[in-house]
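According to this note's numbering, the sequence shown holds residues 8 to 331 in order. Glycine included, every Cβ here is placed at the ideal spot set by N, Cα and C. Please read these numbers as outputs of a predicted model, since none were measured by experiment. First the structure, in the form of structure tokens, and then the observations on it.
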Amino acid sequence: MIRHTIQRTFLLIPTLLGAATLAFFLLRVVPGDICEVRFGGVEGGVYDKEAVDICREKNHLNKPITVQFERFIVGIFTLEFGESMWSRTPISEGLAQRFPLSIQLTIMAMTVSVLIGIPLGVVAALYQDTWVDYTARSFSIIGMAVPSFWFGMMIIVGLLLSTHQFFDQPWMPPLQYVSFFEDPLTNISQMFWPALAVGYRFSAALTRWTRSALLEVLHEDYVRTAQAKGLFQTIVIRRHALKNAMLPVVTVLGMEFAALLSGLVVVEQVFNLNGIGKWFVLAVNDHDFTVTQTLVLLFAAIFAITNFIVDHIYAWLDPRIHYN
């Protein structure tokens, strides 16, 4: 296991370098120049060529692409990602401001999905083809069909209408979010509704996966043997069935976490969250190469590290799994 951990750790390096290289060259292939966009607008208006040349020189865009790539790779190893081509602010500062918000929203949304999805999936499997099962499956189908941003907008409308009846000032998404370390209660009250909007949809998927996995495990011979020995149903489920049924669920959770962190764009727009998803879209629209390639590298690192952690959780859940 230790050998496998070391091997996977070293494999992360070429994986991330490959993602960084792909992002760097694809951004250079896409038509558009940030300096022309800055001075001529997105639609390509009239601009001062001398000003564009100065802008390109400041952003090192007038240098050969090999030199630009070398600067980018060196910056990865030294953790010097440079400045935003658009705002001229250090990218590290932008990450420090936006990443904690996105990671907190992701963790809270995952918590909501786990607290709702796994218990509901277990109950649906234990009461298969009853009204309980049909209710859980309906919840799952509706949740997977409803986009997170639409559910978020319905939450905002519902809060507006309900709070308007009892308070002078109706609830609105706050203009500025308070850090958890400054005021935990205010922070959680602000982040709860976005987390619920995102977590509900993923809890629906988690319900289906948990139900299917547990139903399959309940028909295994070792579960039937445990039941034949006279063990209580709760012991059979908790000690024998549920732990083995969690293997595919852990995979879904890992992929959900990585996808959530990099895919919160629309929800961040709805709830006025200044996270990395919103920042990524703005950087792509502005042709801000430095920010875009840095965030692509960050998303690739999140996916790679998540897969790394999921592999080790597999071995913990099922001791029969050995990595050579």
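Do three or more CB pairs link the segment 201 to 217 to the segment 104 to 121 at distances below 8 Å?
In short, these stretches touch, since the Cβ pair count reaches three.
Out of curiosity, what's the CA-to-CA distance linking V164 and I149?
19 Å
Report all residues from its chain with a CB closer than 8 Å to the CB of A311; omit the five preceding and five following residues, and keep chain order.
L19, T22 and L23
Rounded Cβ spacing between S155 and I283 (contact assumed at less than 8 Å)
That belief does not hold up - the Cβ atoms of S155 and I283 are roughly 16 Å apart, past 8 Å.
Out of curiosity, what's the CA-to-CA distance linking K65 and W93?
K65 and W93: Cα-Cα distance of roughly 11 Å.
Alpha carbon to alpha carbon, how far is Q104 from S169?
CA-CA distance, Q104 to S169, rounds to 32 Å.
Between the C-alpha atoms of L249 and N279, what's the straight-line distance to the nearest angstrom?
39 Å
Please list the terminal residues of the continuous alpha helix (DSSP H) segment that includes R78.
I72 to T85
Run through the DSSP bridge pairs and tell me what E90 is partnered with.
P97
6 Å Cβ shell around R215 - same chain, five flanking residues per side excluded
Excluding residues within five positions, the ones whose Cβ falls inside 6 Å are S147.
Does the structure place the segment 78 to 96 close enough to the segment 287 to 297 that three or more beta carbon pairs sit under 8 Å?
yes
M253 in three-state terms, based on DSSP
helix
Is the beta carbon of H247 closer than 9 Å to that of V37?
no
Under 9 Å between C-beta atoms of V139 and L221
no
Just tell me which of I320, P107, W157 and C42 has its CA closest to the CA of V257.
I320
Helix, strand or coil for N66, going by three-state DSSP, please let me know.
N66 sits in coil when the DSSP states are folded into three classes, being neither helix nor strand.
Grab me the residues of I316's own chain with a C-beta within less than 8 Å of its C-beta, minus the 5 sequence neighbours each way, in chain order.
The residues are G261.
When DSSP labels each residue in this structure, what does S186 get in the three-state scheme?
coil
M281 versus T96, L182, M253 and R10, residue with shortest Cα-Cα distance
For the record, residue 281 in the displayed sequence is Asn; it is not Met. Nearest of T96, L182, M253 and R10 to N281, Cα basis: L182.
Can you have a look at A252 and say buried or exposed, based on whether 16 or more other CB atoms are within 10 angstroms of its CB?
buried
Determine the burial state of E275: buried for a count of at least 16 other Cβ atoms within 10 Å of its Cβ, exposed for fewer.
buried
Kindly provide the ranges of any alpha helix (DSSP H) runs that are 4 or more residues long and lie completely inside the segment 200 to 271, ordered along the chain.
228 to 235 and 249 to 269
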